[in-house]
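In what follows, a single structure is set out as structure tokens and then discussed.
In mature numbering (1 follows the signal peptide of the UniProt record, and there is no 0), the protein residues as written are -21 to -1, 1 to 386.
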């Protein structure tokens, strides 16, 4: 009954029509944004780091963002994000030329609406996009959302909030599967645009030139992945220099291009990524795949801890991890997660389903009966003769099963 988690490495690259100008010398490359763990309730944060945005305001923003996407209201959702600031950061350190920067923004801004439409489209089918909660990171306000696509793959999005006059906006989007800020991801597109301007590239040297070469290689692999040409993506990855093969985004593309069915190759790609970036925000998501495929409860526990620290806590994640522990016959570890959780009022069928998996493994027959009733009565599940279903053998010998038969 337990469902195995499936990783969603959604990097969301866009196709931009870019109007270009000339170039001035590039500034030093900035450090990439790093997303801190969620503050604990008793965390001490310097007053200078504290925002005037309340948790209530953050929660209202998070609900509005999720509601707009779920309803397909792209204009409203787009207005909640400071795309201009995100685009500025994507160009920092690559070019200071005002003509290029303004031209890139003109070409990119309409395409950013396509990004929002891509997220909204997921929710129009069987996918969901929901607010997980409000967290503070070093005192700064963030909202965390969970994206589940129509294949059941999960990802988390984090928005940093700031006050812009009388309204609140999201001024940076962090994507758990990539482990980086969206402005950093967009740098690949900036590099591609700059490569098309040879007059610019010819005058760039040193660190910026190396950055552009890295981004050019990265985008070639990206195009192959997006086109579904996994073999070509892996071939291009194999041509990279040893140092580029150890960089985050190429390694993520390697994972995306490796068939999950090829467990040996997939596990190798995932485990090498984990070793290279043990503290990265993306490791929690990716580690779950590796843990489930390798039946490694210790790694699964580490992944759960990392994601809980990143998200601030997510009941669906907890139940999914518990169900996977149960599937590994680590029943006590599963019970430890669910022991203080009452899912009776949950509106998410997956939570009831995962809790059912734990109840079956733990011989919690009353809880098994309760979850079966919820899935049948509240979510329209239809069950065949459970006496013939794998995993229900001990429940079928219980008095609670007789109650189920009598209904």
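C-beta: ideal position from N, C-alpha, C; glycine also.
Just so it is clear, the structure is predicted and the values come from calculations on it, not from any experiment.
If you draw a straight line from the C-alpha of residue 74 to the C-alpha of residue 80, how long is it? In the chain shown, residue 74 corresponds to position 95, counting from 1. In the chain shown, residue 80 corresponds to position 101, counting from 1. Rounded to the nearest angstrom, the two C-alpha atoms are 8 Å apart.
Quick one: measure Cβ to Cβ for residue 350 and residue 335, integer angstroms, because I've assumed they're closer than 8 Å. Residue 350 sits at position 371 when you count from the first residue of the chain shown. Residue 335 sits at position 356 when you count from the first residue of the chain shown. The pair is a contact, with the Cβ atoms about 4 Å apart (cut-off 8 Å).
Helix, strand or coil for residue 148, going by three-state DSSP, please let me know. Residue mapping note: residue 148 aligns to position 169 of the chain shown, counting from 1. In this structure, DSSP gives residue 148 an extended state, which the three-state scheme calls strand.
Endpoints, beta strand (DSSP E) assigned at residue 291: Sequence index remark: in the chain shown, residue 291 carries index 312 (1-based). DSSP places residue 291 outside any beta strand (DSSP E), giving it a letter other than H or E.
For the alpha helix (DSSP H) that contains residue 388, what are its first and last residues? Residue coverage of the chain in this structure runs from -21 to 386, which leaves residue 388 outside it and unanswerable.
Quickly, what does DSSP pair residue 116 with across the bridge? List them, please. Counting from 1 along the chain shown, the entry for residue 116 is found at position 137. DSSP lists 119 as the beta-bridge partner residues of residue 116.
Three-state secondary structure (DSSP) of residue 360: Here the question's residue 360 lines up with position 381 in the chain shown. Coil at residue 360, not helix or strand.
Here's the rule: buried if 16 or more other CB atoms are within 10 angstroms of the residue's CB, otherwise exposed. What is residue 166? Mapped onto the chain shown, residue 166 falls at position 187. With a 10 Å radius around the Cβ and a threshold of 16 neighbouring Cβ atoms, residue 166 comes out buried.
If you drop the 5 nearest sequence neighbours on each side, which residues of the same chain put their C-beta closer than 7 Å to that of residue 326? Within the chain shown, the letter at position 347 stands for residue 326. Within the same chain, residue 326 has no close Cβ partners at all.
My assumption, with CB atoms under 8 Å, is that residue 90 sits in contact with residue 51. Please give the rounded CB distance. In the chain shown, the residue the question calls residue 90 occupies position 111. In the chain shown, the residue the question calls residue 51 occupies position 72. Actually they are not in contact, since the Cβ atoms of residue 90 and residue 51 sit about 18 Å apart, beyond 8 Å.
Could you pull out every residue in the same chain whose Cβ sits closer than 6 Å to the Cβ of residue 121, ignoring the five residues on either side in sequence? Residue mapping note: residue 121 aligns to position 142 of the chain shown, counting from 1. Result list for residue 121: 114, 137, 139, in chain order.
Is it the case that the Cβ atoms of residue 219 and residue 236 are separated by a distance below 8 Å? On the chain shown, position 240 is the one that residue 219 refers to. On the chain shown, position 257 is the one that residue 236 refers to. With respect to residue 236, residue 219 sits apart: the two C-beta atoms are not nearer than 8 Å.
Tell me the DSSP bridge mates of residue 139? Taking the first residue of the chain shown as 1, we reach residue 139 at position 160. By DSSP's assignment, residue 139 forms a beta bridge with 121, 151.
Using the rule of at least 16 other Cβ atoms within 10 Å of the residue's Cβ for burial, across every protein chain shown, is residue 313 buried or exposed? Translated into the one-based positions of the chain shown, residue 313 becomes position 334. Burial call: buried.
When we look at the beta-carbon of residue 77 and count the other beta-carbons within 10 Å, is it buried (16 or more) or exposed? Taking the chain shown and counting its residues from 1, one reaches residue 77 at position 98. Taking all protein chains shown into account, residue 77 has fewer than 16 neighbouring C-beta atoms within 10 Å of its C-beta and is therefore exposed.
For residue 96, tell me which candidate among 55, 131, 83 has the shortest Cα-Cα distance. On the chain shown, residue 96 is found 117 positions in, with the first residue counted as 1. Restricting attention to 55, 131, 83, the CA atom closest to the CA of residue 96 is found in 55.
Assuming residue 249 and residue 256 form a contact by the criterion Cβ under 8 Å, report the distance between their Cβ atoms to the nearest whole angstrom. As a working mapping, residue 249 is identified with position 270 in the chain shown. As a working mapping, residue 256 is identified with position 277 in the chain shown. Not quite, the Cβ-Cβ distance comes to about 11 Å (not below 8 Å), so this is no contact.
If you drop the 5 nearest sequence neighbours on each side, which residues of the same chain put their C-beta closer than 7 Å to that of residue 92? Numbered from its first residue, the chain shown carries residue 92 at position 113. The answer, listed in chain order, is 53, 57.
C-alpha distance - residue 184 paired with residue 195, whole-angstrom precision: Position 205 of the chain shown, counted from the start, is the residue given in the question as residue 184. Position 216 of the chain shown, counted from the start, is the residue given in the question as residue 195. Residue placement at residue 184 cannot be trusted, given a pLDDT of 48 that sits under 50; what the coordinates show is reported in the next sentence. Those two C-alpha atoms are separated by around 15 Å.
Name the two residues that bound the continuous alpha helix (DSSP H) containing residue 208. Translated into the one-based positions of the chain shown, residue 208 becomes position 229. Careful: residue 208 lies outside any alpha helix (DSSP H) and carries neither H nor E.
So, using beta-carbon positions, are residue 101 and residue 112 closer together than 8 Å? For this step, residue 101 is matched to residue 122 along the chain shown. For this step, residue 112 is matched to residue 133 along the chain shown. Taking 8 Å as the Cβ cut-off, residue 101 and residue 112 do not qualify as a contacting pair.
Whole alpha helix (DSSP H) runs in the region 223 to 288 with 4 or more residues, listed along the chain? Runs found: 227 to 236, 242 to 255, 262 to 272.
Verify whether the separation of the beta carbon atoms of residue 160 and residue 134 is less than 8 Å. Along the chain shown, one-based indexing puts residue 160 at 181. Along the chain shown, one-based indexing puts residue 134 at 155. The answer is no: Cβ separation not under 8 Å.
Residues in the same chain with beta-carbon distance under 7 Å from residue 329, minus the five sequence neighbours each way, listed in chain order, please. Against the chain shown, residue 329 aligns to sequence position 350. In chain order, 295 place their CB closer than 7 Å to the CB of residue 329, counting only its own chain and leaving out the 5 sequence neighbours on each side.
Beta-carbon contacts of residue 62 that lie in its chain and below 7 Å, excluding the five residues immediately before and after: Working through the chain shown from its first residue, we reach residue 62 at position 83. Cβ within range, chain order: 88, 91.
Since residue 310 and residue 341 are thought to touch, with beta carbons under 8 Å apart, how far apart are those beta carbons, to the nearest angstrom? Here the question's residue 310 lines up with position 331 in the chain shown. Here the question's residue 341 lines up with position 362 in the chain shown. Indeed they touch by this definition, with Cβ atoms about 5 Å apart.
For residue 198 and residue 131, I'd like the C-alpha separation in whole angstroms. Translated into the one-based positions of the chain shown, residue 198 becomes position 219. Translated into the one-based positions of the chain shown, residue 131 becomes position 152. Approximately 27 Å, taken between the alpha carbons.
Whole-Å CB distance - residue 239 paired with residue 245, under 8 Å assumed: The residue labelled residue 239 in the question sits at position 260 within the chain shown. The residue labelled residue 245 in the question sits at position 266 within the chain shown. At roughly 5 Å, the Cβ-Cβ gap stays under 8 Å, so residue 239 and residue 245 are in contact.
Where does the unbroken alpha helix (DSSP H) through residue 381 begin, and where does it stop? Stepping through the chain shown from its first residue, residue 381 is reached at position 402. Going by DSSP, residue 381 is part of the alpha helix (DSSP H) stretching over 378 to 385.
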